[in-house]
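Quick note: the working numbering has the sequence shown finishing at residue 182, numbered continuously throughout. A short write-up of the structure that comes next.
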Amino acid sequence: MKHADIFLETERLALRKLKLEDLDLFVDLDSDPEVMRYLTGGKPQSREHYEKRIPELLKYISENPGLGLWPTYLKETNEFIGWYILKHLPDGGEVEIGFRIKKKFWGKGYSTEAGLALLKHGFETVGLNRIAAIVRPDNLASQAVIKKIGLKEEGTGTFYGIHCLYFGLKKA
């Protein structure tokens, strides 16, 4: 990975800028029913979905400096582990933090590490006053990460057509 492509680094991770060429990485990530369990009931996202979605995300990123979706790699091996995101919720209001990573990387603290770095980026660099997260009630692992990085449960709502718990964190 070229240094110019790196957006943000943590101790173990490199988050890089999104590219059109990320299509195959995302299709592969979403082909795992366990990864997609809480998002689509285990159904993979289609290649066509990402052929449309990546250009939409690139446009969003160009219009919202500091926000976006970042493919993420282990610095030690340069292996793609998944992605992390800071973007507006579908209603256009608050900015949400989110992540999707390959199953073999679950439980290793990567989402906590990247999440803390993205919260710092959102508050200090982007100037956000608040960051939200949405998680399905049965997705206990993601709830644990969201709580570990400091967000507090504030209620429920329907986002992306899914009933979710709603978490938030105000800038300190």
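Idealized CB from N, CA, C, for every residue including glycine.
I need the DSSP call for residue i, collapsed to helix, strand or coil.
i, result
"Pro-43", "helix"
"Arg-140", "strand"
"Glu-19", "strand"
"Leu-25", "strand"
"Glu-104", "coil"
"Leu-99", "coil"
Please tell me whether residue i and residue j are closer than 8 Å, where the distance is taken between their beta carbons.
i, j, result
"Tyr-94", "Trp-116", "no"
"Arg-110", "Gly-137", "no"
"Glu-106", "Lys-118", "no"
"Tyr-83", "Asp-148", "no"
"Leu-33", "Tyr-60", "yes"
"Leu-18", "Leu-28", "no"
"Thr-135", "Gly-51", "no"
"Thr-168", "Tyr-176", "no"
"Arg-57", "Tyr-120", "no"
With distances taken from CA atoms, which of the options is nearest residue i?
i, options, result
"Gly-171", "Glu-19, Leu-99 and Pro-75", "Leu-99"
"Glu-220", "Ile-141, Tyr-120 and Lys-62", "Because the chain in this structure spans residues 11 to 182, residue 220 falls outside the shown range and cannot be described."
"Ile-141", "Lys-112, Gly-102, His-173 and Lys-113", "Gly-102"
"Lys-113", "Asp-42, Lys-29 and Leu-28", "Asp-42"
"Lys-180", "Thr-168, Gly-167 and Gly-132", "Gly-132"
"Ala-151", "Gly-108, Glu-19 and Phe-90", "Gly-108"
"Val-145", "Gly-178, Glu-66, Gln-55 and Thr-20", "Gly-178"
"Thr-20", "Lys-130, Leu-77, Thr-168 and Ser-56", "Lys-130"
"Pro-54", "Leu-68, Val-37 and Glu-73", "Val-37"
"Glu-104", "Ala-143, Phe-90, Ser-121 and Ala-182", "Ala-143"
"Gly-78", "Thr-87, Ala-182, Asn-88 and Glu-66", "Glu-66"
"Ala-182", "Asn-139, Glu-164, Ala-154 and Val-155", "Asn-139"
"Ile-16", "Lys-85, Asn-74 and Ser-72", "Lys-85"
"Phe-90", "Cys-174, Asn-74 and Leu-35", "Leu-35"
"Ala-154", "Thr-122, Cys-174 and Ile-64", "Thr-122"
Which full runs of the beta strand (DSSP E) of 3+ residues lie inside the region 114 to 176, going along the chain? 140 to 145 and 162 to 169
Could you tell me which uninterrupted alpha helix (DSSP H) segments, each at least 4 residues in length, are contained entirely in the region 33 to 96, listed from first to last along the chain? 33 to 39, 43 to 50 and 57 to 73
When you compare the region 116 to 127 with the region 158 to 176, are there three or more beta-carbon pairs, one atom per stretch, that lie closer than 8 Å? yes
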